[in-house]
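Residue numbers (our numbering), protein chains in the order written: chain F, 3 to 536; chain A, 105 to 399; chain W, 1201 to 1730. Positions of the beta carbon are idealized from the N, C-alpha and C atoms, including for glycine.
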Amino acid sequence: MKKVLALVLAVCMVIGLAACGGGSTPANNTPANNSNNVAPASEIAGTYKVLVWCPAEAKALTTKQIEAFNKDNKLGIVIEATVNEMSESEAGTQVLNDVSAGPDLYFFAQDQLARLVQGAGIAKLGEAASKKVKDESDKAAVAAATTGDQIYAYPLTSDNGYFMYYDKSVIKEEDVDSLEKLIEACKAAGKRFSMETDTSAWYIASFFFATGCVSEWTADKDGVFTNVKDTFNSPEGLIAAKGLYKLQSAKDVHVSSSNVADFSANPASAIVVSGTWAYNDVKKILGDNMGATDLPSFNVDGKDYHMGSFNGCKLLGVKPQTDVKKGAALNQLAQYLTDYDHQVERFNELGWGPANLEAQKIDAVKNNAAQVAINAQNQYATVQGQIHGSWWDIAKVIGTDVGNSDGSDAGLQKALDNYKAAIDELFKIDYSGKIFVGAWNEWNNADEKFAMTKDGNNFTITLDVPQSDYMGGRIVTPGDWGTELGYAQVTTGKELMNPEMADPAKNGDNNIVFAAPGTYTVTTDGTSITIVKK
Amino acid sequence: MSKQENYDPSEIKRHMGMSAKNRISNTVIYIVLIIMSIVWLAPFVFIVLQSFRVESTWMVGYVVPKTWGLDNYINLAKTDFWHWYTNTFIMALATAVGQTVIVLCMSYTLSRFRFKMRNGLMRFMLILGMFPGMLSMIILYRLLKDLNMTQANAVPGLILVYIASSGMGYYVSKGFFDTVPKTLDEAARIDGATRAQVLWKIILPMAKPIVIYTILTAFMGPWGDFVVARYISMNTPAGMNVAVGLNSWLSADQIISRYTMFCAGGVIVAIPVTILFMCLQRYYVEGVTGGAVKG
Amino acid sequence: MGLEHFAPTLFCGTNQKGIKIMARYSDLEYLKLSKWDKFLYKLGRFLIAIPLGIGHFFQKVGRGIVSGAAGFGRGLKDIGSTFKNGDGITKGSFVVMGLGNMARGQFLRGILFLLFEIIFIFYMVTTGGYWLSMLPSLGHQGPMEEYNPVLDTYSTVYHDNSFKILLYGVLTIFFIIAFIYTWRQNVKQAKITQEMTEKGIRLKNGKEDLRSLVDESFYKTLLALPLTGILIFTVLPIVFMILVAFTNYDGAHDGYFNSLFKWVGLENFNTMLSWSGGSKVYSATFGEVLTWTLIWAFFATFSNYFLGMFVAMMINKKGIRFKKGWRTILVMTIAIPQFISLLYVSKMFARNGIVNGFLLDMGWIKQSLPFWDDPTWARITVILINIWIGIPYLMLIVTGILMNIPADLYESAKIDGASGWKQFSKITLPYMLFITGPYLLTQFTGNMNNFNVIFLLTGGGPTNPAASGASGAVGFTDLLVTWLFKITTGAESKYYLASVVGILIFIVVAIISLVVYNILPSVKNEEDFQ
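Written as structure tokens, this is what we have:
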């Protein structure tokens, strides 16, 4: 008998597991139907089970709107939706834990877009849908939904920024324009000033945007960051750090929080920097004492700097589908949920400021106190666009670092140096070299592994080509996306390449694509390319 | 609870004299204990008080509600709370049974049998225990997903996770079994009982404290599990436990409207676990002291 | 009795003056030493024990490998001789498993062997072969995107799945090992049955086999289920985790949805420990986090230990009433799930939380205390709050142990006129340390991985500016295990780095355990307790 019984038991379990896994190995998913003959309407008619994630507050409304879609659409689409609660700020992380089990349609905050694109948790919009988004939404919303030059999501709101709520019984109207006066007023009243500058880069950036600093990230259409222009570590950045220090060093006044419940905490805050989403809550807590206005200015060396902010958006994403019909149906639904009518409805019921240009013009939106405040602040805001996910972790340290410094130029500069070192660590760019960008490194030109070795005036790289049909690439300068050298520059070894590449119509990016598997050495002197097969 | 009071005979003599010194030291001890009790209980009292506050739903700077009411408890019924609660209760029960069986099998075997691979096995498990379990989560998720035990079906999946590896936690009950004299087994064996009968008829009845200890700790586990349960249920209310569900109420977009409900939910979660623990405390003490200290 | 006991001298040094460190004292010699010398001696022994412990471990590993290799050689030889000496049936068993048993009347065993072989072959042909063949490459073809211009919609066709290849590849290897082992058992049994039949000894039949499973082989029955669970839910994930450290598996290479991941060798270890090239940010961060992890584990363990003991003795003191009541109040922190209590306590200590509000109202402080904002404050606060959570466990344990201290020890001490403090330091404390030595060790390693307390109280914060270049916004109260969690759930989901951290945690815990385990007196012989 011995161990046999135990083994058989174990084996059965193992097999059970392995067989399950085995069943789904070769992904025999229905390939998309590219036929041009079938009209879309009849092709996508059908019943689809759809999982939707939206924030708790929007659950009831979203369910209602989807039911309305089932009635309204003329295409024969029936959506059987399950709507689950998920906050927009965490949706991206959760989706990427397991895309296949994730929602088909989800609300998310724009900072997660690049990550979702890179993690393939979100599908591209088609040409017509993209055009519609570009035509109907405001600038910040389009930027939020775009990475590279590809639109990936439908804008839901365009008011994801922050401004200042204050308690009118404590703060006088004439003080609201000056950070220094506000801190003094809070101190005098024994109240607190809440701004989440210890733990959130989103709020810290306010000071840096005030002095004209930028942190502009460029992502390609695959969600990969290819370049960054960051001037936080600069003379202007130092001025911003001085402003930030005023708040951070006021330790008896400052509270790092964006929770408007601080208005009723003990010690209570008189000021909370937060966004439009908190409007109804602040109203409940403060009642008639609620004030909402744009952020103040801080004064450094006699000059005023009006605090900036991010102008960001909430987006609606569609998960990549294997069934193109379902994908098309979902896109119909997403367009419906983000059209003029439904953005207005969302504004009316939830107070979400629309991204739709027409919807922004209606009086109710224009006169809403939170919208007035955010619009006032938006004059000083920076369009958020795409920012590297790790930037938030890196930049949030500035707050505590500045707060714990001695406030001297050297102390503040050290915080900025720390920041810069971390950015460089994150985004390693050797500005002197050349990189072979291609299928090997997912076309990521920040990937130093495919940096070409410099030898005198020549750059060389050896590439293993396991397959010929799609393995290709081009030579770029780090940080720059455009092809510097490609097929057209090949002088020796043209016969080793796929002849189709000679046709510029088929090779817009001037890529080098090898005709057969093998090992190739690519050498360039900066003007021409030599390719040798081993 | 009288036995341990005899451990120090010198105390008895001194006690009879009831010297002034002793009275002072006892007073000091009472003061320390009272302060400790306040510190220990305050957070729980605060949570209970908050759960009865109806004038606002967010965090406030005072403790005693201005208006008392059961609104927060009543409102729980409008959410998925009771669903999560049932899920957790089922998981706790199943885990208590499964984990106890596994742990007892493992610990009894390692305490009573001397077989070839025994030492190797124990050392191997000791080494396995040195790896942080955190990363296993991702792999367990994929395994369970292939068995269709995630999302809405997370309850059986989580039960499996809680039970499957529980054999690793055999130390405490092995320590207990080690203290049960081997002569008992041998006598029964001479009488013709099989090993299985020895376990079932002789050892188990004697092992009541450790069985209850194991059941109790196993039962308490699923109530507090947050990280793994969240990963496996992947935001599907049907598969969530109370820890995951209640935590979602503390996310930035919900905390304002659901904070007092969080407190109410917390109170309801704490009640059964606390009562059970209080009732079975004696066994818990016997369990940990009988086994834990021995490793 | 107690810590003072040392094994008889292994080798005595010369009669030189001064403290022998390399050599061990006998009991008698040791007792003659002065207090200071005793201390020096103990310290020396401890320091020696560190390299010795590690040395012993590798010695054991080495011996294990040697004996394993020797066993393997013997096994091969035995297989060879079995084949040479075997009759047709035994030879046949080499191909058809269980033939030897079946032909000689042991049908149950034979059928199980055969069944196992059939299942194995079936599995390998249908799926196992695929997983195994893909393991070196981890897949060839990533997902492909397609555009349907009519529907104006993109769709995706998924192909190879690196994650599953790795997972089921490892499972298949487990299975193959199990098969080889079973096959070897099968050959052994064929040989034994042949020999026994030749000698005319009756073989056990199936019924007897089954009966042995509840009797002399009862342990196999008992262990089957627990070990299967451990194999699949602990061993498999750990093996997988270790392998992930050698790949580039992360959020952007998840192996299926976006792109495949692949083997990268030791690159990730280089990133973390930076022995060649690269910036030192990860190694510096690792050093900082490790240091704090050890400091935390030390204070969390010993503060709870001594305070818990203290509280238990207070409650147990003769003359103190409501013993059960005090205990019940304190164990509330065990009974109530930590996600409720710790989250609430964390909010209480916020800069505008109840604690600061109370202190301000009382006028005891002028400005809020930075419980969570200042690195040192935060570190002290987590240790203090951990006492709140941890004391009750210790109190319960100590209460139980105090009951067991033989009363005659105190009696004789009393006769010798020992004071209360003397009794504590000479009897209670040594006894406690002796009994709870292993417990302290597990507490220490447990605290190193105490995820809940840190995660729920501070989330690792306040953030550490010097570490901002490393993944996951490392904070001053982050332990290695919470850092690991942050890397996993962070913006880039660098699973491969998390795996490296996991392996490093293992190494650190293993070294500490080995060292302490080897110098603990009370774990030497488990049979002593029976």
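With a 10 Å radius around its C-beta and 16 neighbouring C-beta atoms as the bar for buried, classify residue i as buried or exposed.
| i | result |
| --- | --- |
| Arg-362 of chain A | buried |
| Val-1715 of chain W | buried |
| Cys-209 of chain A | buried |
| Gly-528 of chain F | exposed |
| Thr-1576 of chain W | exposed |
| Thr-32 of chain F | Here the model assigns Thr-32 of chain F a pLDDT of 35, short of 50, so the residue's position is not dependable, and the following value carries that caveat. The residue in question, Thr-32 of chain F, is exposed, as its Cβ has fewer than 16 Cβ neighbours within 10 Å. |
| Ala-41 of chain F | Interpretation of Ala-41 of chain F is limited by its pLDDT of 45, a score under 50 that renders its predicted location unreliable; the figure taken from the coordinates is listed afterwards. Exposed: under 16 other Cβ atoms inside 10 Å. |
| Thr-131 of chain A | exposed |
| Lys-170 of chain A | exposed |
| His-1340 of chain W | exposed |
| Cys-383 of chain A | exposed |
| Gly-343 of chain A | buried |
| Val-534 of chain F | exposed |
| Met-1509 of chain W | buried |
Would you mind telling me which residues of chain W sit closer than 8 Å to residue i, beta carbon to beta carbon, in chain order?
| i | result |
| --- | --- |
| Gln-120 of chain F | Gly-1451, Ala-1452 and Asn-1458 |
| Ala-347 of chain A | Pro-1537 and Phe-1539 |
| Asn-130 of chain A | Lys-1517, Gly-1519 and Ile-1520 |
| Pro-237 of chain F | Residues of chain W passing the Cβ test: none, with the nearest at roughly 21 Å. |
So that I know if they touch, is there some Cβ in chain A lying closer than 8 Å to that of residue i?
| i | result |
| --- | --- |
| Ile-262 of chain F | Checking the displayed sequence, the identity of residue 262 of chain F turns out to be Val instead of Ile. Chain A, which has a Cβ nearer than 8 Å to the Cβ of Val-262 of chain F, makes this yes. |
| Trp-1588 of chain W | yes |
| Asp-106 of chain F | no |
| Asp-100 of chain F | yes |
| Val-1261 of chain W | no |
Please report how far the alpha carbon of residue i lies from the alpha carbon of residue j, in whole angstroms.
| i | j | result |
| --- | --- | --- |
| Gly-225 of chain F | Tyr-1544 of chain W | 39 Å |
| Lys-244 of chain F | Asn-235 of chain F | 13 Å |
| Gly-310 of chain F | Leu-184 of chain F | 17 Å |
| Ser-1614 of chain W | Asp-403 of chain F | Position check: residue 1614 of chain W holds Lys in this sequence, whereas Ser was assumed. Rounded to whole angstroms, Lys-1614 of chain W to Asp-403 of chain F spans 59 Å at the Cα level. |
| Val-1444 of chain W | Met-1396 of chain W | 49 Å |
| Met-338 of chain A | Trp-279 of chain F | 25 Å |
| Asp-408 of chain F | Ala-424 of chain F | 22 Å |
| Leu-247 of chain A | Thr-254 of chain A | 9 Å |
| Phe-210 of chain F | Tyr-382 of chain F | 11 Å |
| Ile-173 of chain F | Cys-188 of chain F | 8 Å |
| Arg-222 of chain A | Gly-273 of chain A | 16 Å |
| Gln-379 of chain F | Ala-356 of chain A | 22 Å |
Can you confirm whether residue i, when its beta carbon is compared against all beta carbons of chain W, has any partner nearer than 8 Å?
| i | result |
| --- | --- |
| Ile-396 of chain F | yes |
| Ser-545 of chain F | Look at the range of chain F in this structure, 3 to 536, and you will see that residue 545 of chain F is not part of it. |
| His-119 of chain A | Unreliable positioning characterises His-119 of chain A in this predicted model, as indicated by a pLDDT of 49, which lies under 50. A coordinate reading is not provided. |
Please compile the residues from chain W whose C-beta is within a distance smaller than 7 Å of the C-beta of residue i.
| i | result |
| --- | --- |
| Pro-236 of chain A | Asn-1649, Val-1681, Leu-1684, Gly-1702 and Ile-1705 |
| Leu-244 of chain A | Phe-1433 and Pro-1437 |
Along chain F, in chain order, which residues have C-beta atoms closer than 8 Å to that of residue i?
| i | result |
| --- | --- |
| Ile-359 of chain A | Asn-261 and Ala-263 |
List, in chain order, every chain A residue whose beta-carbon is nearer than 9 Å to that of residue i.
| i | result |
| --- | --- |
| Trp-1383 of chain W | Within chain A, no residue comes near Trp-1383 of chain W; the closest Cβ sits about 19 Å away, beyond 9 Å. |
What in chain A is Cβ-close to residue i, meaning under 8 Å?
| i | result |
| --- | --- |
| Ile-1373 of chain W | Those within 8 Å of Ile-1373 of chain W in chain A number zero; the least Cβ separation is about 15 Å. |
Chain F partners of residue i, CB-CB under 9 Å?
| i | result |
| --- | --- |
| Asn-1552 of chain W | Arg-194, Ser-196, Val-257, Ser-259, Asp-264, Ala-267, Asn-268, Pro-269, Ala-270 and Ser-271 |
For residue i, which residues in chain F fall below 7 Å Cβ to Cβ?
| i | result |
| --- | --- |
| Ala-356 of chain A | Ser-89 and Ser-91 |
- Task: Note down, one range per segment and in chain order, each beta strand (DSSP E) of at least 3 residues found wholly within the region 115 to 177 of chain F.
- Result: Unbroken beta strand (DSSP E) stretches of 3 residues or longer found wholly inside the region 115 to 177 of chain F: 156 to 162 and 165 to 169, given in chain order.
- Every unbroken alpha helix (DSSP H) within the region 1344 to 1404 of chain W, with a cutoff of 4 residues, ordered by chain: Segments of the alpha helix (DSSP H) lying fully in the region 1344 to 1404 of chain W: 1362 to 1399.
- Could I get the ranges of all uninterrupted alpha helix (DSSP H) runs contained in the region 1547 to 1596 of chain W, with 4 residues as the minimum, in chain order? Within the region 1547 to 1596 of chain W, the complete alpha helix (DSSP H) runs of at least 4 residues are 1554 to 1562.
- Task: Return the chain-ordered ranges of every beta strand (DSSP E) run that is complete within the region 195 to 275 of chain F and spans a minimum of 3 residues.
- Result: Those beta strand (DSSP E) runs which fall completely within the region 195 to 275 of chain F and span 3+ residues are 217 to 221 and 227 to 232.
- Item | Unbroken stretches of the alpha helix (DSSP H), 4 residues or longer, contained in the region 1602 to 1647 of chain W | Taking only runs of at least 4 residues, the alpha helix (DSSP H) segments lying wholly in the region 1602 to 1647 of chain W are 1607 to 1615 and 1620 to 1623.
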